[in-house]
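Notes to accompany the following structure.
Numbering (the numbering used here), first residue to last: 987 to 1256.
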């Protein structure tokens, strides 16, 4: 791929888990090579992830990304490159909400669930049982303490429910005044109302002055629904092969699974 002219530059938004990296956090050689190729060609390749910056940063660095922005926490946090600060990025746009109401709404429906709240600084407070999540820069607290700080993100995990049971429970909750997405297994990811990866990426697109027709987005989860619809309206959006049917339905195309390095095939087609 030769170096692109400014007007031909693409804005490529990539989900992390299940798209860029495998479940065990390993990276396929073909994916690493394809990302490197499009980045070196001059396209703006960036992460758009549900992860915090602290857990997204190692992936960002592993792929040698130098994008001006990084969208984290499902759009509630956008980092901006700033060589004057440690780590090279600063917290540029932060969306928060008071988690009290949503936590008190959910708990009666999932009394044995585990909860985690991420605050604007990236610090995480969590209740007992939140074992499968990155808990560096975090502390275990009692449930009531979760409501004491503004949140960019709330995560609820209920491993004893299968996916269909969990979907039904979430439907019954009637969550309002927040945005939420349901993960692969029984976990719920909650953001400020009206905030998602697409809202953050649209802000990024304007800041970089890239036309909507020059967008590419790739993802595999329900938290990518808005992102894929946004990019696919005038540009390209691809769902990974293992994505739920509802995610595939909103994308303009479907690529291979993450285990087959489907992202590499998509990037090689650009």
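For every residue, glycine included, the Cβ atom is placed at its ideal position computed from N, Cα and C. None of the values given here were measured: they were computed from a predicted structure.
Between the options, which lies nearest to residue i when the distance is taken from Cα to Cα?
| i | options | result |
| --- | --- | --- |
| residue 1106 | 1230, 1126, 1080, 1181 | 1080 |
| residue 1175 | 1007, 1100, 1056 | 1100 |
| residue 1075 | 1083, 1085, 1064 | 1064 |
| residue 1220 | 1229, 1242, 1250, 1196 | 1196 |
| residue 1256 | 1010, 1202, 1243 | 1202 |
| residue 994 | 1200, 1141, 1245, 1237 | 1200 |
| residue 1001 | 1122, 1071, 1182, 1113 | 1182 |
| residue 1062 | 1108, 1094, 1010 | 1108 |
| residue 1131 | 1119, 1113, 1138, 1013 | 1113 |
| residue 1172 | 1142, 1198, 1179, 1166 | 1142 |
| residue 1184 | 1204, 1136, 990 | 1204 |
| residue 1055 | 1046, 1115, 1067, 1083 | 1067 |
| residue 1155 | 1102, 1168, 1217 | 1168 |
| residue 1086 | 1244, 1134, 1016, 1022 | 1134 |
| residue 1117 | 1102, 1218, 1129 | 1102 |
| residue 1165 | 1120, 1244, 1082 | 1082 |
| residue 1137 | 1179, 1115, 1153, 1119 | 1179 |
| residue 1072 | 1011, 1040, 1242, 1163 | 1040 |
Give the DSSP-derived three-state secondary structure of residue i in the structure shown.
| i | result |
| --- | --- |
| residue 1044 | helix |
| residue 1119 | coil |
| residue 1030 | strand |
| residue 993 | helix |
| residue 1243 | coil |
| residue 1196 | coil |
| residue 1191 | helix |
| residue 987 | Because the pLDDT of residue 987 is 49, which lies under 50, any placement of that residue in the model is unreliable, and the number read from its coordinates should be weighed accordingly. Coil, per DSSP. |
| residue 1017 | helix |
| residue 1066 | strand |
| residue 1002 | coil |
| residue 1236 | helix |
| residue 1175 | strand |
| residue 1219 | coil |
| residue 1057 | strand |
| residue 1229 | coil |
| residue 1205 | strand |
| residue 1024 | helix |
| residue 1164 | strand |
Our contact map puts residue i next to residue j with C-beta atoms below 8 Å; I'd like the distance itself, whole angstroms only.
| i | j | result |
| --- | --- | --- |
| residue 1059 | residue 1028 | Not a contact, Cβ separation roughly 28 Å. |
| residue 999 | residue 1254 | Contact flag wrong, Cβ pair sits at about 17 Å. |
| residue 997 | residue 1030 | 5 Å |
| residue 1225 | residue 1213 | So it is not a contact: roughly 10 Å between Cβ atoms. |
| residue 1177 | residue 1144 | Not confirmed; about 19 Å, so no contact. |
| residue 1033 | residue 1042 | 6 Å |
| residue 1049 | residue 1018 | 7 Å |
| residue 1139 | residue 1104 | 4 Å |
| residue 1248 | residue 1227 | 5 Å |
| residue 1016 | residue 1250 | 4 Å |
| residue 1008 | residue 1244 | 6 Å |
Do residue i and the ligand ZN come close, with the Cβ less than 6 Å from some heavy atom?
| i | result |
| --- | --- |
| residue 1130 | As far as ligands go, the structure on display features none, and thus does not contain the ligand ZN. |
Q: Evaluate contact between the stretch 1150-1162 and the stretch 1180-1198, counting only Cβ atoms and requiring at least three cross-stretch pairs below 8 Å.
A: no
Q) At which residue ranges does the stretch 1072-1153 contain complete alpha helix (DSSP H) runs of 4 or more residues, listed in the order of the chain? A) 1086-1092
Q | Contact between the stretch 1230-1247 and the stretch 1205-1213 (3+ Cβ pairs under 8 Å) | A | yes
Q) Touch check for the stretch 1016-1031 and the stretch 1148-1157: three-plus C-beta pairs under 8 Å? A) no
**Q.** At least 3 beta-carbon pairs within less than 8 Å: the stretch 1120-1128 vs the stretch 1077-1095
**A.** no
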